[in-house]
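Sequential numbering from 1 applies to the sequence shown in the UniProt record's numbering.
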Amino acid sequence: MSLLAGTNKTREEWDKLTKPFVQVRKKADGLYESWVKEHFVPVFGKSIFGGSLIAQCILAAYDTVSEDMMLHGKFVDRADVHEHIMYHVQKLRNGRSYMTRRVDAKQGDTVLFSVSMSFQLREPNEPTYFVPSPKVVNLDDFQSLSKDLYDPYVSLRQVVHPEQCMHAHMRYHNILHSMREDHPMYELLSQWTHDHTHVFPMQSRPAIPTMFDRDGHMAPFSKTAYWLSSRGYCRGPQSLQQAMLGFHVDQFFLVNMNTDIPSYTTTMMASLDHTMWFYNDFQMCDWLLFVLDNQALNNGRALITGRIYRLDGVLVAVVAQEGVHRFKPSQSHL
Numbered sequence: 001m002s003l004l005a006g007t008n009k010t011r012e013e014w015d016k017l018t019k020p021f022v023q024v025r026k027k028a029d030g031l032y033e034s035w036v037k038e039h040f041v042p043v044f045g046k047s048i049f050g051g052s053l054i055a056q057c058i059l060a061a062y063d064t065v066s067e068d069m070m071l072h073g074k075f076v077d078r079a080d081v082h083e084h085i086m087y088h089v090q091k092l093r094n095g096r097s098y099m100t101r102r103v104d105a106k107q108g109d110t111v112l113f114s115v116s117m118s119f120q121l122r123e124p125n126e127p128t129y130f131v132p133s134p135k136v137v138n139l140d141d142f143q144s145l146s147k148d149l150y151d152p153y154v155s156l157r158q159v160v161h162p163e164q165c166m167h168a169h170m171r172y173h174n175i176l177h178s179m180r181e182d183h184p185m186y187e188l189l190s191q192w193t194h195d196h197t198h199v200f201p202m203q204s205r206p207a208i209p210t211m212f213d214r215d216g217h218m219a220p221f222s223k224t225a226y227w228l229s230s231r232g233y234c235r236g237p238q239s240l241q242q243a244m245l246g247f248h249v250d251q252f253f254l255v256n257m258n259t260d261i262p263s264y265t266t267t268m269m270a271s272l273d274h275t276m277w278f279y280n281d282f283q284m285c286d287w288l289l290f291v292l293d294n295q296a297l298n299n300g301r302a303l304i305t306g307r308i309y310r311l312d313g314v315l316v317a318v319v320a321q322e323g324v325h326r327f328k329p330s331q332s333h334l
């Protein structure tokens with residue numbers, strides 16, 4: 001056993017710590033319960049991490065089928081982070097090629113998250129196409145000054161190999177060392193760093209070296225991409241891999257809009273709709289590349305999409321999220 005870089009835990013220990021975030025237990029036919037009563041609340045969050053609801057809905061629905069899937073879910077209400085969540089699975093349709101399930105995540109009579117899922121029998125003889133992955137290059141070969149990184153009409157062309165990228169939990173390392181402990185952001189950034197180092201069972205690394213400045217702020221108008229991986233071995237079927245991916249990606253969407261409106265400061269973010277389409281198999285213990293694109297912002301709602309690739313360039317999933325995203329002009333622009 002070896003320690004995972006940047007932590008004091010082995011991969012086996014991270015596997016054990018992952019279970020409360022994503023697993024459910026069956027209580028009756030079509031009824032499942034969250035593994036724990038006490039739920040993780042992310043820094044800057046006010047309720048349970050949305051990725052846990054997504055992952056647990058996936059595993060609850062998968063227990064009733066055995067095929068590939070896509071999902072479309074709506075976040076409805078805030079959870080009590082100290083109570084179990086019950087997952088009610090309804091079998092809507094069993095066709096020859098597709099099956100449909102609806103899952104409602106509830107506490108008492110309150111619906112927290114409602115998701116519809118389509119499961120498909122594989123059709124391997126059909127033709128294949130997907131938008132190509134950016135080229136993976138060594139850090140020395142990355143064109144860090146390329147204007148393409150900031151040109152909205154040009155797709156992201158290259159990213160740095162994950163083993164040469166910064167650990168995400170180091171994002172605020174510099175600013176924390178220079179910030180006074182009585183600064184209003186010190187405690188929040190310290191807690192964020194602690195959670196992403198010692199609590200969160202997944203890891204990420206910015207795939208573009210210039211995405212963040214030395215203080216951890218997102219670079220204005222920059223393209224964004226992350227490498228994702230589980231900290232444990234995450235051994236298991238594709239249902240578990242998809243649940244873990246759904247758990248991980250939820251944290252990246254809405255904040256990504258900040259790159260395109262640097263003159264404003266976020267005052268509120270909350271997920272509304274979340275959609276994932278899965279196309280090819282993958283393992284969460286391997287590196288996956290997550291490329292994000294801001295699509296729209298209007299009337300306090302933001303829409304962000306993303307593509308997820310294996311390290312060999314094969315597309316494994318396409319994701320989209322719309323959410324409430326409200327702003328105020330930054331102090332320097334008042």
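All C-beta atoms, glycine included, are put in the ideal place defined by N, C-alpha and C.
Across the structure, Leu121 and Asn280 are spaced so that their CA atoms are roughly 13 Å apart. When secondary structure is reduced to three states using DSSP, His169 falls in the helix class.
In the DSSP assignment, Glu322 falls within the beta strand (DSSP E) that extends over Leu315 to Pro329. The beta-carbon separation of Asp80 and Gln56, rounded to 15 Å, does not stay under the 8 Å limit for a contact. Distance between Lys26 and Ser271, taken at the CA atoms: about 27 Å. Within the same chain, Cβ atoms closer than 6 Å to the Cβ of Thr100 are found at Leu92, Arg93 and Ser118, the five residues on either side in sequence being excluded. Measuring C-alpha to C-alpha distances from Val314 to each of Ile261, Ala207, Ser133 and Asn138 identifies Ser133 as the nearest. The alpha carbon of Ala28 has as its nearest neighbour, out of Thr64, Asp140, Val76 and Asp68, the alpha carbon of Thr64. Excluding its 5 nearest sequence neighbours in each direction, Thr305 has C-beta neighbours in its own chain below 6 Å: Asp293, Gln295 and Ala320, listed in chain order. Here Thr18 carries a helix assignment [DSSP, helix/strand/coil]. For the pair Phe142 and Val76, the Cα-to-Cα distance works out to about 42 Å. In this structure, Arg214 lies near Asn174, with their beta-carbon atoms less than 7 Å apart. Under the DSSP assignment, Leu189 falls in the alpha helix (DSSP H) whose first and last residues are Tyr186 to His194. Taking Pro201 as the centre and dropping the five residues before and after it, the same chain places the C-beta of Trp14, Leu17, Thr18, Phe21, Ser230, Arg231 and Gly232 closer than 7 Å to its C-beta, in chain order. Apart from the 5 residues on each side of it in sequence, Ala61 sits with its Cβ closer than 6 Å to the Cβ of Val89, Arg101, Val103 and Met117 in its chain, given in chain order. Linking Leu240 to Leu59 through their CA atoms gives a straight-line distance of about 7 Å. Asp68 sits away from Phe221, with the two beta carbons spaced by 7 Å or more. CA-CA distance, Arg96 to Glu123, rounds to 12 Å.
Here Gly108 carries a coil assignment [DSSP, helix/strand/coil]. For Met202, no alpha helix (DSSP H) encloses it; the enclosing beta strand (DSSP E) starts and ends at Met202 to Pro206. The shortest CA-to-CA distance from Leu289 to any of Arg157, His217, Lys37 and Tyr87 is the one to Arg157. The alpha-carbon separation between Met179 and Tyr186 amounts to approximately 7 Å. In the three-state reduction of the DSSP assignment, Tyr87 falls in the strand class, which pools E and B.
Ser52 and Met218 have their C-alpha atoms roughly 25 Å apart. For the alpha helix (DSSP H) assignment, the uninterrupted runs of no fewer than 4 residues enclosed by the UniProt domain "Acyl-CoA thioesterase-like C-terminal" (215 to 324) are, from N- to C-terminal side, 238 to 249.
Rounded to the nearest angstrom, the gap between the Cα atoms of His183 and Gln164 is 32 Å. Apart from sequence neighbours up to five positions away, the residues of its chain that approach Cys285 with a beta-carbon distance below 6 Å are Ser230, Tyr233 and Cys234, ordered along the chain.
C-alpha of Gln251 to C-alpha of Phe40: approximately 13 Å in a straight line. Around the beta carbon of His194, fewer than 16 other beta carbons lie within 10 angstroms, which makes this residue exposed.
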